[in-house]
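Residue numbers (the numbering used here), protein chains in the order written: chain D, 805 to 1149; chain E, 805 to 1149; chain P, 805 to 1149; chain G, 805 to 1149.
In structure tokens form, the structure reads like this:
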């Protein structure tokens, strides 16, 4: 089969690989019908993700059709259409039993990282019963690809952890795909204000179109001051960090109101400074989270009931053979204005 | 001053009364600019509310302008425009400190019940600092009258207690003003399904217009069966009882899913049957609540940010001199299709 | 093998039965080392439990050693010592994913009810990976038998649902084994007052010994009055119903404070009256729950760290061959003062 | 009257000052019967607290008797015995209404900071109705002095924010008075393990006596490693930072389990490093909080019901005239083994 393979920093190729086979009773083999590319895939290609070794098939998102299942799989059978979670979850270990699938003892983020992933014609998915979700009759499969990772990430790490609530004030720092996913799902809770912050005017315009009540371009260093002014000097109830660098985390520290929350979504490569000399008495909360995707069933209901139009995030579509072109388009997002790209089998 | 006075069962009149005066340091005298009529006022007029004695000026909702304040009032001064909560709260007692203002040791629902109310040119409001709310510059005062009682009641007793959540399934039994207030505020949380139940086709049509995803006419006794079918046999996550009779409570018992909640909003005059022989193992919750109006500041933000159009509930408008006509219109709601009526000074 | 078999109302016998065998990939066969008798077993024997057909091996509690496992079982292997939950949970269905194992689509309370149970030399346990718990090295196995059902039931249905909290006031109506289990686990949260209510002076004395701060004998009908007096007229924050009849539920309605919770634990055979004509405005909560046993891992930690002495509930010990005698002793608890009996293989 | 006055860095004196008088309708004048010294008082004396100007009477803890009240005070009258909260709360502003008294618009920590405090014969307490608490008949007044600040601080900032729960694992970094207050109140929730960390063997011994299950001396830099070993490599569910320096915060980062919480209690004078390059995916929470003292009524109940022996924290007792000696003893805690000192009028 064809697969997108990471061959070391800066190197990727569409290669021929053997079709995967069942290795454990809980496995399923899924024929991929649609996949996409994540910012994390670009990080891997830069060599930033130590756990991902050269030779790995990338990809942790997608939909497909069950090809075969192991002896222990009871929830799925060949022919079933499924949504693949980016997180593999055994459903049995202590962390899975408390809903923290991201830290599953034998799962977590392994697809396209420590085992072969979904940017291929077929993928082996461990713990299939608790890591795949049935696609409802009549569902828009493209929309559901957005439920593999990006929407649960924005929702769980940003919105849920950030305790977004009716009437509250939210700032989302970073209007890339993940910040926009946080924006779309923040609207579930009807906050009064959603302030979108970015350096890129195009992305801010998208934020505005998606429902931001204000946008702030942080290029000139005056973002904190403008947000404090927008909030009457009070700051925001929820600051969602969706970039992953010290400067944006610092901005969140500067704008969070007393009693508020900084919900970190960004993947950080370096430590940040936490100004406890000021914040120790600020009655604030900081949260971090690797997405658990425990919210997939709920998000599926919001998509099926048209509360959430997940397809808004999709800007480009490719065929599987155009995978390298898809990477190129997604990798040059500032120019191409790409958010999420769909790659169809 | 003119005031609407309850003179015993079936008897009401627009009478001349002396303007109220400050009686305690925490009091304010408010000149009423707008008030409305509540279903509870009709209950009083039927003689159903034992605590309300003949001679009482009715009304517990409204907006106005501060006329004078007692020596202990620090948050308001003459001339301030204010929203009046239907609940008087001292802010000091154990129940107030935990946000349960409805059970304030020296307050609660007293306006238009045990002390004179707001259907008058002036009203004395005890505990003014913690029972009145400043009206923001530029706010639509008519909309805010809906925040005195009906919207907080629908929201707190129905939506909050009912734990309405993104993707969840809600049934609201009773599409009168209070059920519709629950519907409008349930939408804050983006449930997947909101099923509205009533006997009156007009009210169901309003429910549909306000955002119900399905409506069920319960006239033929088949409502439970239809709702179970609508929910794939699962039942609803939240059943909001907004009528107050045994039959509608029974319907809620019949349709609540395992793990779900019945949030009672209705004012009941008789006991109901609770079928614990079936429900003991149903992992369900039943809640009751007299509105605390603790959500007024939050609701104000949703109105100010256009997340909530409170004026949708207003169907008729009267001048103060037309108060009896307003009662007549509101009292014959089935014919007049009245929801909430505004009475302007 | 020998097994205690229900042969229709009033009829039970210790019979010879074939040793169970693996029927599904997720099954385990467990050799029972210790089991016990539950009040529910007595209900079955009276013919009160329609789901349990004659011919059934009773019992849903116990510890044992894994004899064999199906192909899909990954968490256990032959020889492992295990604690058996009274609730079988697939870990995969919607209810299991939210921790509501009691309503598992293919599990729930089935052991000793719709499939053969633990009062036998061997038992087949479906969904073994998520329904059995490993017994830690050095643990007291007798204590752990109390974690199969009675302690999770008292804790989850009574204490957790009842929101027992530091400084709060709790009444437990019914000082049988289940009420006492609620008492022992209520102490986890350091309530200021725990009032134990029963008709039986012996059980009240046990309650006192287990940590109740007051006991009330309800024989004379004056219990509500005495509890209101004990609480300064306020009532209790939490009323735990641990009997299952209308009179005891009524007592809970009479004593729950505004803002409080009635947590139902009792198994009811008849409907009760809910006095909403008074309680609609009482800001109260009623909960019901079939135990999920989701708290077993936590309870195990409290037993292992000596926060909870589960063996206090054990009053009698029998050998497996004395099973009928154990039933007799447990069935005449008023005379024998039996709480829980241990039956050892 | 006599009062302990801060006269600039390093300078304090017992001086004669005029008795305070009512300045606002909500004020009360309290004759102090008992007070104590807080670590924060020592910080002020070092010149570390910029808001506290020379000339200020120190002290924010204590009990007393109402001498006189302003016209707006309704909950207290002359002669009432009261407990003084370290936090003044108006009960009316947005933050007070949500229970965040520490950020009261016109209160917060002002006593002995921006207005004169309790280390004097009399003190003026603003917002008396909502900042003082009645002392119950028969209560031990010395114990209650511990409720002004130290116990609510340990409980709210450490235990509540840290989500200590039955069966959980807690580490408290810093066994000074505040860490020990966290320890005493952590026990309310029956965690399985409480690991106390300090450099001082005496304080660790006190921790052990107060209920720590393990103690770790962090002098050799191996604390993190030993705690990870104690927890089977998992880390702790709750890490309470009760020192306020970068090294102890770092220790908390190193030992918190995935899904766990760092609850900061310490007053920090410098920023810390937050290792998001590792922790971004750790599903963790960090909280900060200036004590709200919202828990005083609850703590009072636990003291009155003997769930909490607050007097354990008291090591030394002085008369008011010996105030300087009390400071000396408290200031040399390492030698004197002082925890809290009581200064009696």
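Backbone N, C-alpha and C fix where the C-beta goes; we use that ideal spot for every residue, glycine too.
Check	Outcome
Where the beta strand (DSSP E) through residue 1000 of chain P begins and ends	997–1002
Own chain residues within Cβ distance below 6 Å of residue 1019 of chain D, not counting five before or after	1000, 1008, 1011 and 1012
Limits of the unbroken beta strand (DSSP E) element including residue 1065 of chain G	1060–1068
Where the alpha helix (DSSP H) through residue 1021 of chain E begins and ends	Taken as a continuous stretch (DSSP letters only), residue 1021 of chain E belongs to no alpha helix (DSSP H), being part of the beta strand (DSSP E) at 1018–1021.
Segment contact flag, the stretch 1105–1120 of chain E with the stretch 1105–1125 of chain P, C-beta cutoff 8 Å, min 3 pairs	no
Contacting residues, own chain, Cβ-Cβ under 6 Å from residue 894 of chain P (five flanking each side not counted)	900, 908, 910, 911 and 931
N-terminal and C-terminal residue of the alpha helix (DSSP H) that residue 1010 of chain P is part of	1005–1014
Cβ of residue 960 of chain P within 8 Å of any chain D Cβ	no
Short CB-CB distance (under 8 Å) between residue 993 of chain D and chain E	yes
Identity of the residue in G:882, G:1072, G:1088 and G:1071 nearest residue 1079 of chain G by Cα	G:1088
Limits of the unbroken beta strand (DSSP E) element including residue 873 of chain P	866–873
Residue 832 of chain G and residue 929 of chain G closer than 8 Å at C-beta	yes
Coil, strand or helix - residue 1082 of chain G by DSSP	helix
Residue range of the unbroken beta strand (DSSP E) whose run includes residue 1144 of chain D	1144–1148
Closer than 8 Å to chain D by CB, residue 1054 of chain E	no
With 16 other Cβ atoms within 10 Å as the buried cut-off, status of residue 953 of chain G	buried
Helix, strand or coil at residue 918 of chain E according to DSSP, with G and I counted as helix	coil
Spatially closest choice to residue 979 of chain G from G:1137, G:818 and G:969, by CA coordinates	G:1137
Contact set for residue 1141 of chain E: own chain, Cβ-Cβ below 6 Å, skip 5 residues either direction	1006
Cβ pair count under 8 Å reaching 3, the stretch 984–996 of chain G against the stretch 962–974 of chain G	yes
Whole-angstrom distance between residue 806 of chain E and residue 1043 of chain E, CA atom to CA atom	42 Å
Cβ pair count under 8 Å reaching 3, the stretch 933–942 of chain E against the stretch 1044–1051 of chain E	no
Contacts that residue 898 of chain G makes with chain E (C-beta to C-beta distance below 9 Å)	1101
Cross-strand partners of residue 1042 of chain G (DSSP beta bridge)	G:974 and G:1065
Residues near residue 983 of chain D by beta carbon distance below 6 Å, same chain, minus five either side	976 and 1046
C-beta contact flag for residue 926 of chain D and residue 836 of chain D at 8 Å	yes
Beta-bridge partners of residue 809 of chain E, as assigned by DSSP	E:817 and E:861
Whether residue 809 of chain E touches residue 819 of chain E by CB criterion (8 Å)	yes
Contact test: residue 1017 of chain P Cβ vs the ligand SAH heavy atom, cutoff 7 Å	The ligand SAH is absent from the structure shown, which contains no ligand whatsoever.
Given residue 1095 of chain P as reference, the closest of P:1145, P:965, P:1061 and P:1025 once Cα atoms are compared	P:965
Interface partners of residue 906 of chain E on chain P, CB under 9 Å	1062, 1085 and 1087
Chain-ordered chain G contacts of residue 1111 of chain P [CB-CB under 9 Å]	970, 971, 994, 995 and 996
Interface flag, residue 1070 of chain E vs chain G, CB-CB below 8 Å	no
Residues in the stretch 817–837 of chain D having any Cβ partner in chain P nearer than 9 Å	828, 829 and 830
Simplified DSSP assignment, three categories, for residue 1071 of chain G	coil
8 Å Cβ cutoff, residue 852 of chain E in contact with chain B	Included in the structure are the protein chains D, E, P and G, with no chain B among them.
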